[in-house]
Every structure is written in structure tokens, then in C-alpha cells.
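Peer 1: Residue numbers (this note's numbering): 3 to 352. The C-beta atom is built at its ideal place from N, Cα and C for all residues, glycine as well. Just dropping this structure here.
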């Protein structure tokens with residue numbers, strides 16, 4: 003009965019999707035009268051972020067300036083609730099309950115576009131598509147159960163040369179990091195102050211350790227350091243744990259969450275973004291991506307990945323698990339031309 007009600011609602015009131023309650027992305031026309039200046043980058047970028055740009059000869063531009071605070075305040079006064087702003091794309095994500103304000107917002111001189119990215123309408127249950135993690139059980143050397151997977155990628159060779167992530171900051175964008183603050187596998191990270199920070203862009207708080215295990219598994223392949231049991235590829239690196247994926251839904255809002263996470267990673271000076279996420283289809287099928295969209299410059303998340311790369315961050319993203327599925331292609335942001343898109347291998351390295 004519930005599904006029939008939803009179908010009836012969608013059939014007769016479909017237009018509400020474009021003007022209904024929910025989350026919206028509101029883009030601005032400019033950054034005029036900003037209180038910040040590119041000549042004073044320390045006001046909005048960390049020392050490490052600035053050093054990364056200097057090292058790679060990347061100029062600080064207007065895209066680095068924060069969004070005009072006056073514009074955001076104007077939206078707030080109209081009744082919109084800001085969630086976060088994107089300096090790269092000069093927009094703000096807001097939640098709107100009273101849709102009567104939409105026309106007033108669209109009439110503002112500094113507003114370029116208003117797009118709904120998550121409706122309050124509940125759609126049928128989606129099937130989240132995370133990257134499958136291949137964890138080997140071969141017991142060998144000091145790598146323990148991680149021996150085979152490290153050797154396939156020649157991680158042991160890099161370790162022997164001293165490349166274990168020392169001095170490198172990695173931002174992991176995922177669906178959650180359940181119990182990372184308690185599991186003994188990650189004790190070395192906490193004992194050595196290698197967890198530099200964590201943030202939840204889905205719920206707007208720091209509850210990254212109570213949500214989803216996918217990020218925990220991803221982090222374990224990189225950061226664990228238990229000789230004789232499990233050793234990751236970068237056990238000596240520093241990490242930021244950022245939750246951008248909502249495992250309960252599949253909406254465009256999650257791509258904007260990823261954008262916010264990438265901008266945060268840039269601002270704190272991350273060297274690498276690791277993301278095992280991909281987006282093609284959504285609960286609201288009218289927002290689905292097409293294969294034609296997989297050109298590296300259409301989807302919000304792929305644009306965000308390109309921006310991050312242009313700021314000097316090495317973005318490493320999963321190619322996806324859809325090779326044998328009806329979609330069968332890579333998903334966004336794996337299509338972004340300025341990042342590394344990584345496919346999976348089996349026990350034999352195939």
C-alpha cells in the first residue's frame with residue numbers, strides 16, 4: 003500500500019520535485035565586495051595548503067576566496083537554512099521548508115541558478131554501490147594477512163625503499179568510519195597523532211565513527227600497522243576522515259557533500275584524496291546520470307574532483323563495480339580527466 007501511495011503521489015504531483023521542500027544548490031554570480039583578498043591567503047587557507055600551492059607553482063585565485071557572506075545572510079533572512087558553501091563553484095547548499103520563498107530567491111540580483119538536489123519526498127529503497135574490497139588471508143612475512151595484496155601492488159617494494167606515507171596527509175571521503183576510534187587495528191594512528199581530524203558532511207557534526215563500516219575497511223587497507231597481522235599501504239601517513247556519503251539514500255546532495263569534503267581537504271592542506279565512491283543513479287530517477295554525462299566535466303562531483311586536482315591534490319577514486327552490471331561503465335567522479343581512477347583486481351592480480 004505504501005508503494006502505491008508513492009506511485010500515486012509521483013504520478014499526479016510530479017512537478018513538486020522542482021519546487022518542493024528539500025535541499026537546494028544556489029549558485030551566485032560573483033564574489034564582489036569580499037572581505038577576503040587573494041593577497042592575504044592565510045585568512046582562508048592553512049599553512050600547509052599554501053605550501054602545497056607554492057611547491058607546485060599553483061597560484062591562489064578568486065576561486066580560493068570564500069563565498070560572499072552577505073549573499074548567504076540574505077538567503078538566511080529569507081528563511082533558507084545554509085548547510086555549507088562552495089568557494090570553488092561559488093554556491094551554497096541550503097535547506098528550504100517554505101517553498102514560497104523560492105521565487106524571491108530566484109529574483110535576487112546575485113543569484114544565478116537554483117537547483118533542487120534532494121527532495122523531501124521518500125523514494126523506493128536504493129541499492130548503494132560501494133567498491134568491493136579484496137582482503138587476502140595469506141599469512142606471510144611481517145605483513146600477515148595483508149601480504150598478498152601488498153605484493154600484488156608491489157607495496158612491499160615501496161616500503162623497503164622507505165615510502166610508508168611519512169609526511170603525507172590523506173583525506174578519506176567515505177560513508178563512515180565505524181569504531182575507528184576504538185578498534186585496536188587503528189591504535190597506532192591515535193597513539194602517534196596521525197588522525198588529524200574528522201568531519202561529517204552528511205549530518206553536519208563529527209559522528210563519523212557511528213555510521214558505516216565501508217570507510218573503516220577502506221582506511222584499514224592504508225593505515226593499519228600491526229606487524230605480523232595486518233599492515234596497510236601507508237601506515238605512517240596522516241589522515242582526515244570525512245563522511246560525505248549517506249548510505250541510506252542516493253541523491254545529488256551527496257555529490258555536493260563530496261565537493262564540500264574536497265574543499266575542506268584542500269583548506270587543511272591534504273596531499274591526497276582517497277575516495278571509494280561513485281554515482282550514476284539516484285532515488286529520484288529524473289536526476290540519474292547518463293553515459294553521455296561521463297565525460298569528466300558534467301557532474302558536480304567530477305567537477306569537484308577536477309578542481310581538487312587543480313589545487314595540487316592527488317585525487318584517487320575507485321573506477322566502480324559496475325563492469326558486470328547493467329550500467330557496466332565507470333561512475334562519477336572516476337570519469338574526471340585530472341584524477342587517478344583505480345580498478346579492482348582479484349587474488350591473482352587480474
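Measuring only the C-alpha atoms, how far is residue 348 from residue 313?
Peer 2: 34 Å
Peer 1: If I measure Cβ to Cβ from residue 148 and keep anything under 6 Å in the same chain, skipping five residues before and after, which residues do I get?
Peer 2: 232, 233
Peer 1: Which runs of the alpha helix (DSSP H) at least 4 residues long sit entirely within the region 270-299? Give them in chain order.
Peer 2: none
Peer 1: Short check: CB of residue 38 to CB of residue 77, under 8 Å?
Peer 2: no
Peer 1: For residue 297 and residue 319, I'd like the C-alpha separation in whole angstroms.
Peer 2: 16 Å
Peer 1: Can you have a look at residue 159 and say buried or exposed, based on whether 16 or more other CB atoms are within 10 angstroms of its CB?
Peer 2: exposed
Peer 1: Could you name the residues of the same chain whose beta carbon sits closer than 7 Å to that of residue 265, not counting the 5 residues immediately before and after it, in chain order?
Peer 2: 88, 89, 90
Peer 1: Candidates 257, 161, 43: which alpha carbon is nearest residue 289's?
Peer 2: 257
Peer 1: Looking at the strands, I want to know which residues DSSP matches up with residue 30.
Peer 2: 113
Peer 1: What does a CB cutoff of less than 6 Å around residue 339 pick up in its chain, not counting 5 residues either side in sequence?
Peer 2: 298
Peer 1: In chain order, which beta strand (DSSP E) runs of at least 3 residues are fully inside the region 219-259?
Peer 2: 240-245
Peer 1: Please work out which residues of its chain come closer than 6 Å, Cβ to Cβ, to residue 226, disregarding the five sequence neighbours upstream and downstream, and give them in chain order.
Peer 2: 187, 232, 234
Peer 1: Is residue 273 closer than 8 Å to residue 54 when the C-beta atoms are compared?
Peer 2: For residue 54 and residue 273, yes; Cβs fall inside 8 Å.
Peer 1: Determine the DSSP secondary structure at residue 97, reduced to helix, strand or coil.
Peer 2: strand
Peer 1: Could you tell me the alpha carbon to alpha carbon distance between residue 110 and residue 85, rounded to whole angstroms?
Peer 2: 19 Å
Peer 1: Enumerate in chain order the residues of its own chain whose CB-to-CB distance from residue 82 is below 8 Å, with the five nearest sequence positions on each side excluded.
Peer 2: So the list reads 26, 28, 96, 97, 98, 103, 107, once near-sequence residues are dropped.
Peer 1: What is the rounded straight-line gap between the Cα of residue 243 and the Cα of residue 75?
Peer 2: 29 Å
Peer 1: Using alpha carbons as the reference points, say which of 316, 331, 206, 236 lies closest to residue 280.
Peer 2: 331
Peer 1: Let me check understanding here. Comparing Cα to Cα, which of 57, 268, 60, 286 lies closest to residue 48?
Peer 2: 268
Peer 1: Please report the Cβ distance between residue 224 and residue 172, rounded to the nearest whole angstrom; I am assuming they are in contact, meaning their Cβ atoms lie under 8 Å.
Peer 2: 7 Å
Peer 1: Applying the 10 Å Cβ sphere with the 16-neighbour rule, what's the burial state of residue 57?
Peer 2: exposed
Peer 1: What's the gap between the Cα of residue 337 and the Cα of residue 328?
Peer 2: 18 Å
Peer 1: State the DSSP-derived secondary structure class of residue 197, mapped to helix, strand or coil.
Peer 2: strand
Peer 1: Evaluate residue 93 with the Cβ neighbour count: other Cβ atoms within 10 Å of its Cβ, from every protein chain shown; 16 or more gives buried, anything less gives exposed.
Peer 2: buried
Peer 1: Would you say residue 330 lies against chain B (beta-carbon separation less than 8 Å)?
Peer 2: This model lacks chain B altogether; it includes just one protein chain.
Peer 1: Mapping the DSSP letters down to three states, classify residue 43 as helix, strand or coil.
Peer 2: Assignment of residue 43 by DSSP, reduced to helix, strand and coil, places it in the helix class.
Peer 1: Can you give me the C-alpha to C-alpha distance between residue 179 and residue 240, rounded to a whole angstrom?
Peer 2: 16 Å
Peer 1: Going by the beta-carbon positions, is the gap between residue 112 and residue 36 smaller than 8 Å?
Peer 2: Their beta carbons are not under 8 Å apart, which means residue 112 does not touch residue 36 by this criterion.
Peer 1: Quick one, are the C-beta atoms of residue 153 and residue 255 less than 8 Å apart?
Peer 2: Taking C-beta atoms as the reference points, residue 153 and residue 255 fail to come closer than 8 Å.
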